[in-house]
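Reviewing the structure listed below.
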Amino acid sequence: EREGVFFRLVKGRDGEEKRLAFEGAVSACRSGKSHPLVFLSKQADFEAVPGKPWVYWMPNTVREKFTKLFLLGTHSPVKHGLTTCANKRFLRKNWEIKRSMISFDVSSCEEAFSLKGKWFPYMKGGAPIPWYGNQEHVVNWSGDGEEIKTEAVRRYPYLKGNYGLLVTNPEFYFRPGVTWSDVSSKGFAARLSPGGFIHDVKGMTCFPEKKDIPFVLALLNSRFAEFILAALNPTISNQVGDIARLPVPEGRSPLIDSLVEECVELVRQDSRESEITYEFVAPPDSVASVTGRKGILSEKESAIDAEVSRLYGLSEEDLAAIDRELSANALGEDEESMEDRESGGEEEETETETSAGLSEDEWGRRWISYAAGIALGRFDVGVPDALGCGNFPLSVADALKEARLAVSDGILLNDPGQPLDLADRVYAILELLLGSSSADARIRSALGGGTPRELLRNWFGRFTGQGNVSFWKYHFQMYRKRPVYWPLQSPGRKFAVWLFHERLTGDTLYSLRNAIVEPRTRLAERQIEDLRGPSERDRSARQELDRIRGLADDLRAFSANLKTITDRGYTPHIDDGVLLNAAPLWTLLPSWTETKKAWQSLEGGECDWAHQAMDHWPARVKDACRVNRSFAIAHGLEHLASSDTVSPAGAPARRRRGSR
Numbered sequence: 002e003r004e005g006v007f008f009r010l011v012k013g014r015d016g017e018e019k020r021l022a023f024e025g026a027v028s029a030c031r032s033g034k035s036h037p038l039v040f041l042s043k044q045a046d047f048e049a050v051p052g053k054p055w056v057y058w059m060p061n062t063v064r065e066k067f068t069k070l071f072l073l074g075t076h077s078p079v080k081h082g083l084t085t086c087a088n089k090r091f092l093r094k095n096w097e098i099k100r101s102m103i104s105f106d107v108s109s110c111e112e113a114f115s116l117k118g119k120w121f122p123y124m125k126g127g128a129p130i131p132w133y134g135n136q137e138h139v140v141n142w143s144g145d146g147e148e149i150k151t152e153a154v155r156r157y158p159y160l161k162g163n164y165g166l167l168v169t170n171p172e173f174y175f176r177p178g179v180t181w182s183d184v185s186s187k188g189f190a191a192r193l194s195p196g197g198f199i200h201d202v203k204g205m206t207c208f209p210e211k212k213d214i215p216f217v218l219a220l221l222n223s224r225f226a227e228f229i230l231a232a233l234n235p236t237i238s239n240q241v242g243d244i245a246r247l248p249v250p251e252g253r254s255p256l257i258d259s260l261v262e263e264c265v266e267l268v269r270q271d272s273r274e275s276e277i278t279y280e281f282v283a284p285p286d287s288v289a290s291v292t293g294r295k296g297i298l299s300e301k302e303s304a305i306d307a308e309v310s311r312l313y314g315l316s317e318e319d320l321a322a323i324d325r326e327l328s329a330n331a332l333g334e335d336e337e338s339m340e341d342r343e344s345g346g347e348e349e350e351t352e353t354e355t356s357a358g359l360s361e362d363e364w365g366r367r368w369i370s371y372a373a374g375i376a377l378g379r380f381d382v383g384v385p386d387a388l389g390c391g392n393f394p395l396s397v398a399d400a401l402k403e404a405r406l407a408v409s410d411g412i413l414l415n416d417p418g419q420p421l422d423l424a425d426r427v428y429a430i431l432e433l434l435l436g437s438s439s440a441d442a443r444i445r446s447a448l449g450g451g452t453p454r455e456l457l458r459n460w461f462g463r464f465t466g467q468g469n470v471s472f473w474k475y476h477f478q479m480y481r482k483r484p485v486y487w488p489l490q491s492p493g494r495k496f497a498v499w500l501f502h503e504r505l506t507g508d509t510l511y512s513l514r515n516a517i518v519e520p521r522t523r524l525a526e527r528q529i530e531d532l533r534g535p536s537e538r539d540r541s542a543r544q545e546l547d548r549i550r551g552l553a554d555d556l557r558a559f560s561a562n563l564k565t566i567t568d569r570g571y572t573p574h575i576d577d578g579v580l581l582n583a584a585p586l587w588t589l590l591p592s593w594t595e596t597k598k599a600w601q602s603l604e605g606g607e608c609d610w611a612h613q614a615m616d617h618w619p620a621r622v623k624d625a626c627r628v629n630r631s632f633a634i635a636h637g638l639e640h641l642a643s644s645d646t647v648s649p650a651g652a653p654a655r656r657r658r659g660s661r
């Protein structure tokens, strides 16, 4: 069989560069010289690789691994996970649900069902973070996923009751394994799925035996795996079939196990220092500690890669060929990234930059945000295993409790000089946590030069602009457009109240109006009376009088808006998610424009599964429940639905909620 001549021109950035490279390669061939862009392969050479892709650039020694070694999928099942059919309805960011409402450490669907829980951790893919992370979501899996299964059958009648085409591989749910994101323009990375998670169709997972998980994790994060996967599927999508075809070396290495464990722990520390994770402890102690961890991680990864290469028996020549190919692939990354962003896919929301490191200003902002969370009652310093418990001496935790700087109802204000002023409390908390000089330095590093208290006041009091110019913008961005602190504002935006959404009750708005807004209005009215006389003689007093008059008018309008909502009726339902739960308050949230759109979607009947829809349009929602059994289950009104639900095997079977 004759050999074919192949020219590898992917390094060229444009047509002209590729033309010149091709001409140079042809010239070398004619003169009998070797050239790095020229490859000779026979048709039979491709037979060894599953799927027979034309990987002419793959060294023969690497290609032979497919015939001499077993493939990953033969010993470690590689599985798609759950397709919910309606992520908006069934998924939440973990911070949208109270931590106590999430069932952690579940080992099987049977255990999940027996717990009678509703929200369970969900592995959904996301940015290509290696070793550990991307644990942002929870899924509604109440009653063994009864709502999801029923909705799948309703939405896709051609399934004829067989929801198993969407609820795939449930016997693997909650098992530990190795996961990755199916689509990423930023490269491939595998990470630990530690167990207790349902995996998503985009968070595909490999399930080796528990003892082999570190080894498989090391293989998938090696240069060899990156090279093989790019050859098997030269797109930005990594499917289960691609992972299953990875050849696995026969040898094992205790060194790899220990190195992988260290890498997982190093990256997990990032999770403990991020307030949007469910295992958050406190922000980093220093920028240097984060930088140092990244350096150590890089060394460990290099050691793992060297050990994996040894197990595969790769020569220096093989490694050089692999490096050349990976370098060529990286050249097209920016272009692919742009295409991915322009496609408007779901990855756009979930992928975040992870490699840029931690700047001094970002470090300072994290500490200010942490202090705000303590003040608003989200974080419990000194309480073992509580969210944001910190690593502080007992004396610091005791001092915080004695100072009573955290509010139990989750309500604070932007109102200088008043007892509930957020900026004053944040400053006092930072002083107790860090000491006065360190607190001042951290605030200045985050927000620029100036008086620390005034810097904080400006940051919390500003709502317009982009990026990090205000706490609201910073918080909104950090929490992926699902903020946990809501800025209720007067119509003229002269007065703002911060609410921590987990502390909302049916009485919160009444309390806010009667105990805060009305007394503050009366205080403004007294200040107006006190300023009438001085304003006739003093220009600054006249200016202050005008300011207070404007504030009083704005407070009255704010009070009227609150009354309108309380008269209509508002009950928070945390299960609805942050956005829909805030939607009825959209007139009070002018800086959060998405809430008005969410209210319109509720009003238009697009979310009749939501409790807010039932509260405001009960007749319409009950009618929907009669024809949509999944909605009926959501509202506990199965008796209204006339259709049959589905059995665990996928065949229609009439049953009551909670039966099996």
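Positions in the sequence shown are counted from 1; adding 1 to them yields the numbering used here. We put the beta carbon where it would ideally sit given N, CA and C, even for glycine.
Candidates the options, of which the one nearest residue i by Cα
i: residue 439; options: 404, 411, 287, 464; result: 287
i: residue 110; options: 175, 52, 305; result: 175
i: residue 193; options: 125, 145, 148; result: 125
i: residue 129; options: 495, 227, 592; result: 227
i: residue 458; options: 446, 482, 426; result: 426
i: residue 371; options: 391, 626, 362, 359; result: 391
i: residue 43; options: 3, 566, 374; result: 3
i: residue 328; options: 231, 410, 456, 364; result: 231
i: residue 216; options: 561, 252, 326; result: 252
i: residue 410; options: 145, 517, 366; result: 517
Span of the alpha helix (DSSP H), counted from its first residue to its last, around residue i
i: residue 115; result: 110-116
i: residue 58; result: Looking at the DSSP string, residue 58 is not in any alpha helix (DSSP H), and its letter there is neither H nor E.
i: residue 68; result: 66-69
i: residue 642; result: No alpha helix (DSSP H) holds residue 642; DSSP gives it neither H nor E.
i: residue 215; result: 214-221
i: residue 225; result: 224-233
i: residue 44; result: Neither: residue 44 is in no alpha helix (DSSP H) and is coded neither H nor E.
i: residue 23; result: 16-31
i: residue 122; result: Taken as a continuous stretch (DSSP letters only), residue 122 belongs to no alpha helix (DSSP H), being part of the beta strand (DSSP E) at 120-124.
i: residue 268; result: 255-273
i: residue 168; result: Where residue 168 is concerned, there is no enclosing alpha helix (DSSP H), given that its DSSP letter is neither H nor E.
Buried/exposed call for residue i, threshold 16 Cβ in 10 Å
i: residue 531; result: exposed
i: residue 428; result: buried
i: residue 41; result: exposed
i: residue 634; result: buried
i: residue 17; result: exposed
i: residue 164; result: buried
i: residue 350; result: Residue confidence is low: residue 350 scores 42 on pLDDT, short of 50, so the model does not pin down where it sits. Its coordinate-derived value is still stated next. Label assigned to residue 350: exposed.
i: residue 267; result: buried
i: residue 102; result: exposed
i: residue 636; result: buried
i: residue 613; result: buried
i: residue 502; result: buried
i: residue 148; result: buried
Backbone CA spacing between residue i and residue j [nearest angstrom]
i: residue 305; j: residue 313; result: 12 Å
i: residue 104; j: residue 120; result: 6 Å
i: residue 308; j: residue 82; result: 31 Å
i: residue 389; j: residue 641; result: 44 Å
i: residue 137; j: residue 258; result: 26 Å
i: residue 611; j: residue 577; result: 6 Å
i: residue 359; j: residue 182; result: 24 Å
i: residue 203; j: residue 477; result: 25 Å
i: residue 201; j: residue 157; result: 19 Å
i: residue 1; j: residue 529; result: Nothing can be reported for residue 1, as the shown portion of the chain is limited to 2 through 661.
i: residue 273; j: residue 279; result: 8 Å
i: residue 28; j: residue 320; result: 27 Å
i: residue 195; j: residue 243; result: 22 Å
i: residue 68; j: residue 55; result: 16 Å
i: residue 512; j: residue 567; result: 11 Å
Identified DSSP bridge partners for residue i
i: residue 93; result: 139
i: residue 207; result: 79, 179
i: residue 132; result: 192
i: residue 450; result: Looking at the DSSP assignment, residue 450 forms no beta bridge with any residue, so it has no partner.
i: residue 5; result: 42
i: residue 249; result: 71
Range covered by the beta strand (DSSP E) that runs through residue i
i: residue 486; result: 486-490
i: residue 501; result: 497-501
i: residue 412; result: 412-415
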